[in-house]
Amino acid sequence: MGLDLGASHFTGASFDTSAGGVAASLRPQHPPVAALRLEHAAAGVRVGLGVLYASAGLVAENGAYAAVQKGFFSLLELAPEGSIRLAQTGAGTELRLHAGPLVDFWAVENGDNRTRAGGHAALSAGWPITGRVTGSIRVAAALTGSVFEAGELPFQVVRRVMWRRTVSVGLRYGR
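Residues in the sequence shown are numbered consecutively from 971, following my numbering.
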């Protein structure tokens, strides 16, 4: 079992086609994230489930300026994953590759809810701290459909796939 705290960065979600070459868009703000991870390990392979939570604002930006409506989105994510050990030192530090599907449950400020499916991949480094406690750093990327619904955006703004990149640190208990 583990707990990760991190910083995320969303890109994609939408693009304003009338902005004349300027990268104008609407997307979730870059929220901090918390994830609880439950895992089972055997012979260098792990299977598990990550449950991630974030609260994000809505960002409208045009390359020079950005406006944020805070607290617009809440995200609950269920992400089953498998991981393999890529390398391990004699002291127990290990490098792992993680991948799996995910389901994002978005709650919007106006009470509208939406669900998006996608996939995720990550690299993590873990090191022993004491006994059965290990520390970790994780770099991850997730890809889903746009958080916006069809017809929800102005006609000149198109929906795009959405990337979330996350860097987190964590603690794990267990083997």
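In this text, a Cβ means the ideal position worked out from N, Cα and C, and glycines have one as well.
Note that the coordinates shown come from a computational prediction; the quantities given were computed from them, not determined experimentally.
Closest by C-alpha distance to S1053, when choosing among V1003, F1125, P1098, S1094:
Nearest to S1053 by C-alpha distance, out of V1003, F1125, P1098, S1094, is S1094.
Do G1096 and G1089 have their C-beta atoms closer together than 8 Å?
Not in contact: G1096 and G1089 (Cβ atoms no closer than 8 Å).
For G1081 and G1060, I'd like the C-alpha separation in whole angstroms.
When rounded, the distance between both Cα atoms is 52 Å.
Beta-bridge partners of M1132, as assigned by DSSP:
Its beta-bridge partners are G982, T1114.
Once DSSP output is grouped into helix, strand and coil, what is the label at Q1039?
Here Q1039 sits in strand by DSSP.
8 Å CB neighbourhood of L1141 in its chain, flanking five on each side removed
So the list reads G972, L973, I1099, V1103, T1104, G1105, S1106, once near-sequence residues are dropped.
Inter-stretch contact (C-beta, 8 Å, three-pair minimum) for the stretch 1036-1048 and the stretch 1007-1016:
These segments do not touch.
How about A967 and F1125: are their beta carbons less than 8 Å apart?
An answer regarding residue 967 cannot be provided, because it is not within the stretch 971 to 1145 covered by the chain.
Just to confirm before moving on: does the CB-CB distance between V1131 and S1116 stay below 8 Å?
With respect to the 8 Å criterion, V1131 and S1116 are classified as neighbours on the basis of their beta carbons.
Could you check the C-alpha separation between R1084 and R997 for me, to the nearest Å?
Those two C-alpha atoms are separated by around 15 Å.
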